[in-house]
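Residue numbers (the working numbering): 44 to 250. Beta carbons: idealized from backbone N, C-alpha and C, even for Gly. Note sheet for the following structure.
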Ligand code: ATP
């Protein structure tokens, strides 16, 4: 008998420089709340929208693998790191849809990313392909207010519950670079294997 279950695939992109506890919590919330069969965690290649140069792709990939290693339905997806030039989310979504023609795609992001969503390359095509799932970053009202701008397509947007976690990759890089950054100081902000990797490999501090 054919299965009636439509496969649900989540896509969660980020610089992951480094991946931190809020990324892990957001991924967990997406898996549970959306009933995802799999979640592709996609480190970005060249991030056209970030003002700074990102850490080496090898480091970001290794840290991302460590951060999500205990989550069986997460697949760390290297495709954007292998793409030359700017990486666009729509390209990744189109490729995933072609690989999984019957699946429903869910694009996961924090409210800060969503605030600039209309500047994304071919954003209307993204809305056509994936349901956009937004987690509030610090307050519980920001994302909901932003939904109003998309009222004509409301069913394509979802709020993802996430207890506010005021952690950012910027904060972790700054802690490490200031010299204050001992593994134990970032130990509450990133998964333990990531803290160890950062420390051993001097990812954010001179050797
Ligand atoms: P940076 O501080 O370098 O800008 P970041 O902490 O925002 O980095 P990214 O890798 O850019 O981390 O984020 C990947 C995704 O995770 C984005 O969609 C972002 O909105 C989301 N995200 C990051 N931190 C949080 C957080 N504390 N709460 C909710 N979502 C978050």
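Asked	Found
Contact check, residue 133 vs residue 102, beta carbons under 8 angstroms	no
Candidates 59, 47, 53 and 67, of which the one nearest residue 234 by Cα	67
Which of helix, strand or coil DSSP assigns to residue 100	helix
Cβ pair count under 8 angstroms reaching 3, the region 140-148 against the region 98-117	no
Neighbour-count burial assignment, residue 120, 16 or more Cβ in a 10 Å radius	buried
Span of the beta strand (DSSP E), counted from its first residue to its last, around residue 216	Segment 212-220 is the alpha helix (DSSP H) holding residue 216; no beta strand (DSSP E) there.
Rounded straight-line distance, which links the Cα of residue 148 to that of residue 49	10 angstroms
Proximity below 8 angstroms, CB of residue 55 to CB of residue 70	yes
Where residue 128 falls: helix, strand or coil (DSSP)	coil
Exposure of residue 198, with buried meaning 16 or more beta-carbon neighbours within 10 Å	exposed
Proximity of residue 124 and residue 88 at Cβ, strictly below 8 angstroms	yes
Outcome for residue 57 when other beta-carbon atoms lying within 10 angstroms are tallied against a minimum of 16	buried
The ligand ATP heavy atom lying under 7 angstroms from the CB of residue 148	no
8 angstroms Cβ cutoff met for residue 179 and residue 205	yes
Simplified DSSP assignment, three categories, for residue 239	helix
Coarse secondary structure for residue 66, derived from DSSP in three states	helix
Under 8 angstroms between C-beta atoms of residue 160 and residue 166	yes
Identified DSSP bridge partners for residue 150	54 and 175
Residue 151 and residue 78 closer than 8 angstroms at C-beta	no
Same chain, Cβ closer than 6 angstroms to residue 176, neighbours up to 5 away in sequence not counted	149, 151, 201 and 203
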